[in-house]
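For the sequence shown, my numbering assigns the number 18 to the initial residue and increments by one for each residue that follows. Glycine included, C-beta positions come from ideal geometry on N, C-alpha and C. The structure under discussion appears below in the form of structure tokens.
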Amino acid sequence: MTLNAPTKLVFLISLLIAIIALVGAFGFLAMIPISAVWIMTVAYALLALACVLRGI
């Protein structure tokens, strides 16, 4: 299995989701009903999936 670099768009989306999780962990976004750990997991899974699949 070869790993590929994710596209800039997917990387930026993953980074945005991770920043939202970080801000939510500090309590600044109390309106988000999901735990920050799960939001960060989604960001990491998206980035890992983009590295494994080609062209995403």
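Environment of G44 [buried if 16+ CB atoms lie within 10 Å]: When all chains shown are included, G44 counts as exposed.
Cutoff 8 angstroms; reference A53; Cβ partners in own chain excluding five residues on either side: A38, L39, G41 and A42
Collapsed DSSP secondary structure at G41 in the structure displayed: helix
Limits of the alpha helix (DSSP H) - the one that I56 falls within: I56 -> alpha helix (DSSP H) spans A53 to V69.
Simplified DSSP state of L29, which is helix, strand or coil: helix
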